[in-house]
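Asks: Shown below is the structure under consideration.
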Amino acid sequence: MTPPDVSPQPAPARGQVFRYEGFATDADRGLLTCRYSLDGREFTERVSLTPGPAWDSPAARAAARLVYVLAAVSYYKTAAPPVIDLGDTALTGRERTFLREFYLAGLGEYAYRNGLDLSDLRIEARQAPDVPQSQDKATQSGLRPLIPFGGGIDSIVTVEGIRKRTGDIVLFVVSRPGDRFAAIERPAAVSGLPVLRAGREIDPQLLRSAELGFRNGHVPVTGIISAIAVLAAVLAGRDTVVMSNEWSASVPTLEHDGRQINHQWSKSAAFEADFRDLLRAEGLPGYFSALRDRTELWVGERFAALTQYHATFRSCNRAFHLDISRRLGHWCGECDKCAFIDLILAPFMSQDQLAAVFAADGGASEPLGNPALRPKFEALLGAGTKPFECVGEITECRAAVVLAARRADRAATPLLQELAAEITGRPDAPTEAEIAAMRRPVGASFIPAEYSLEDA
Numbered sequence: 001m002t003p004p005d006v007s008p009q010p011a012p013a014r015g016q017v018f019r020y021e022g023f024a025t026d027a028d029r030g031l032l033t034c035r036y037s038l039d040g041r042e043f044t045e046r047v048s049l050t051p052g053p054a055w056d057s058p059a060a061r062a063a064a065r066l067v068y069v070l071a072a073v074s075y076y077k078t079a080a081p082p083v084i085d086l087g088d089t090a091l092t093g094r095e096r097t098f099l100r101e102f103y104l105a106g107l108g109e110y111a112y113r114n115g116l117d118l119s120d121l122r123i124e125a126r127q128a129p130d131v132p133q134s135q136d137k138a139t140q141s142g143l144r145p146l147i148p149f150g151g152g153i154d155s156i157v158t159v160e161g162i163r164k165r166t167g168d169i170v171l172f173v174v175s176r177p178g179d180r181f182a183a184i185e186r187p188a189a190v191s192g193l194p195v196l197r198a199g200r201e202i203d204p205q206l207l208r209s210a211e212l213g214f215r216n217g218h219v220p221v222t223g224i225i226s227a228i229a230v231l232a233a234v235l236a237g238r239d240t241v242v243m244s245n246e247w248s249a250s251v252p253t254l255e256h257d258g259r260q261i262n263h264q265w266s267k268s269a270a271f272e273a274d275f276r277d278l279l280r281a282e283g284l285p286g287y288f289s290a291l292r293d294r295t296e297l298w299v300g301e302r303f304a305a306l307t308q309y310h311a312t313f314r315s316c317n318r319a320f321h322l323d324i325s326r327r328l329g330h331w332c333g334e335c336d337k338c339a340f341i342d343l344i345l346a347p348f349m350s351q352d353q354l355a356a357v358f359a360a361d362g363g364a365s366e367p368l369g370n371p372a373l374r375p376k377f378e379a380l381l382g383a384g385t386k387p388f389e390c391v392g393e394i395t396e397c398r399a400a401v402v403l404a405a406r407r408a409d410r411a412a413t414p415l416l417q418e419l420a421a422e423i424t425g426r427p428d429a430p431t432e433a434e435i436a437a438m439r440r441p442v443g444a445s446f447i448p449a450e451y452s453l454e455d456a
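Each residue of the sequence shown is one higher than the one before, starting from 1 at the first, in the UniProt record's numbering.
See below:
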């Protein structure tokens, strides 16, 4: 039987060798150019940031090299050869171990959906000596954070929490040169904070994947964005990159052939820990997630109180479509992300408030009011395969259903009440203690004390 979400269609053959061909920086243009090749086909990626002499610093060179090393995964996936040749780029032992995991775990979903086994991956690179790690710059922080901002509830809660610690905040946004997403721009404007922008120009061949016979699939894009954010922080004199990846990002989407597959791997605690090690070895800015020990339920409760953002935030998949002609200017009300956001906010926002959120700008009806979306909600609650999306963990979602169904204004929401009855009737239904625990910090984190959201 074909596993769920794996295409039974014949796929292109794997390539032979993927090569790193080199990178160059141009301080006058504020440009990083990365070059790669796969069996003779060449790819070029360009990242643009503010020009200036800071590009010529050793820290900027180290950060640019890191972007070059990680951005390659977008091109490797076109044919997924068993050999990766770093060319003139030497790797320390720490970097080699990290890079192998970046490809294997970061492409876990890609490999699963393409029916590939990447365990034969071989990384060929000259050996560079490991260097002692310096102190994490976040522990020496002057509280000058750069916060990657996606316009969703996680990054909004991070921004407003960190704002209580310091007013010296810069938001960071990556997009194609000249392209801006309203779903990011509008809540960023509400924040009133300055925005630092990077342009990421991927090789146009990737946009012709089907035509050119490339394999396609999910890559660890948050890892790439993290590296670009570190470069941006160096150039802008920022001492720390503060992410908004919460506890549930570490929970695997599924297990297959004994390996955990996590759609959100580059948002996970494992990635964060290893990435921090690389940055410390180079003396680069600090890096941590302000929400690492927080659940989506905790985030949803805090976001509910941030009413100034309710009319502008949008976490719908259709809001971020690369094809502008297919991009929506409102919630679609039907995708997995729409369903999850409705579910996680339902315990803390009224039915009228959420109806207004989804109807904004000519949008849709609230997902919980649409019986046709039952399968999507059931998948969030643990029936079948969890969506390959940035959504919460099953226990979080079950707790949200139970809490939302208790609201007086939800007594006449049939789908919600039916889902709650199904959950509470199960032997593995969340207990009151488990629900309460989901509303408090859980697990470990790398959050410095001065950035803690505990009493912010």
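All residues carry an ideal CB built from backbone N, CA and C; glycine is no exception.
No experiment lies behind these values; they were computed from the predicted model shown.
Does the Cβ of G286 have 16 or more other Cβ atoms within 10 Å, making it buried, or fewer, making it exposed?
Replies: buried
Asks: Using 9 Å as the limit for Cβ to Cβ distance, is K376 near chain D?
Replies: No chain D appears in the structure shown, which is made up of a single protein chain.
Asks: How is G67 classed by DSSP in three states: helix, strand or coil?
Replies: Checking the sequence, you will find Val at residue 67 rather than Gly. DSSP places V67 in helix when its eight states are reduced to three.
Asks: With a threshold of 16 other CB atoms inside 10 Å of the CB of K164, please say whether the residue is buried or exposed.
Replies: With fewer than 16 neighbouring CB atoms inside 10 Å of its own CB, K164 falls in the exposed class.
Asks: I need the straight-line Cα distance from P441 to D88, nearest angstrom please.
Replies: 45 Å
Asks: Going by C-alpha to C-alpha distance, which of I84, G93, L143 and D409 sits closest to E450?
Replies: L143
Asks: Checking the sheet assignment: what are the DSSP bridge partners for C34?
Replies: F23 and E45
Asks: If you draw a straight line from the C-alpha of R176 to the C-alpha of L380, how long is it?
Replies: Rounded to the nearest angstrom, the two C-alpha atoms are 31 Å apart.
Asks: For G22, which residues in the same chain have their Cβ closer than 6 Å to its Cβ, ignoring the five residues on either side in sequence?
Replies: R35
Asks: Which stretch, first to last residue, makes up the beta strand (DSSP E) that contains P145?
Replies: P145 to P148
Asks: Between the C-alpha atoms of A13 and R208, what's the straight-line distance to the nearest angstrom?
Replies: 17 Å
Asks: Excluding the five sequence neighbours on either side, which residues of its own chain have a C-beta within less than 6 Å of the C-beta of Y75, listed in chain order?
Replies: Y36 and F43
Asks: Could you tell me if V131 is buried or exposed, where buried requires 16 or more neighbouring beta carbons within 10 angstroms of its beta carbon?
Replies: exposed
Asks: Fully enclosed by the UniProt domain "MurL C-terminal" (313-428), which alpha helix (DSSP H) runs are 4 residues long or longer?
Replies: 336-345, 351-359, 374-380, 394-405 and 414-424
Asks: So, for K337: in the same chain, excluding its five sequence neighbours on each side, which residues have a beta-carbon less than 8 Å away from its beta-carbon?
Replies: S315, C316, N317, E389, C390 and V391
Asks: Between the Cα of E422 and those of A198, G443 and A399, spot the shortest distance and give me the residue it belongs to.
Replies: A399
Asks: Indicate whether D342 and F320 have their beta-carbon atoms separated by less than 9 Å.
Replies: no
Asks: Could you tell me the distance, in whole angstroms, from the CA atom of D28 to the CA atom of T50?
Replies: 9 Å
Asks: Mapping DSSP to helix, strand and coil, what is E124?
Replies: strand
Asks: Compare the beta carbon distance of A111 and A80 with 9 Å and say whether it is the shorter of the two.
Replies: yes
Asks: For I84, which beta-bridge partners are listed by DSSP?
Replies: F18 and I123
Asks: In this structure, does DSSP put I162 in helix, strand or coil?
Replies: helix
Asks: Could you check how far apart the C-beta atoms of L66 and A270 are, in whole angstroms? I think they sit under 8 Å.
Replies: Actually they do not touch by this definition, with Cβ atoms about 18 Å apart.
Asks: My assumption, with CB atoms under 8 Å, is that A304 sits in contact with L345. Please give the rounded CB distance.
Replies: 6 Å
Asks: Verify whether the separation of the beta carbon atoms of Q260 and G106 is less than 9 Å.
Replies: Cβ atoms of Q260 and G106: not closer than 9 Å.
Asks: When you compare only the Cα positions, how much space is there between W55 and V159?
Replies: 27 Å
Asks: Measuring alpha carbon to alpha carbon, tell me which of E124, N114, T78 and L146 ends up nearest residue 462.
Replies: This structure leaves residue 462 out entirely; the chain is present only between 1 and 456.
Asks: How would you write the range of the alpha helix (DSSP H) that I435 sits in, first residue to last?
Replies: E432 to A437
Asks: Spatial neighbours of A339 within its chain, please: CB distance less than 7 Å, with the 5 preceding and 5 following residues excluded, ordered by chain position.
Replies: P367, L373, K376, F377 and L380
Asks: Look up L254 in the DSSP assignment and say whether it is helix, strand or coil.
Replies: strand
Asks: Using the Cα positions of T307 and T97, report the straight-line distance between them to the nearest angstrom.
Replies: 44 Å
Asks: Under a three-way DSSP split, which group does L99 fall into?
Replies: helix
Asks: Could you work out which residue in Q205, E434, R122 and H310 is closest to F348 when comparing CA atoms only?
Replies: H310
Asks: In terms of residues, what are the limits of the beta strand (DSSP E) holding residue 458?
Replies: In the structure as shown, the chain begins at 1 and stops at 456. Residue 458 is therefore absent and cannot be evaluated.
Asks: Ignore the nearest five residues each way along the sequence and tell me which others in T92's own chain have a CB closer than 6 Å to its CB.
Replies: A128 and D130
Asks: For R200 and V173, which I take to be in contact (beta-carbon distance under 8 Å), what is that distance rounded to the nearest angstrom?
Replies: Not quite, the Cβ-Cβ distance comes to about 10 Å (not below 8 Å), so this is no contact.
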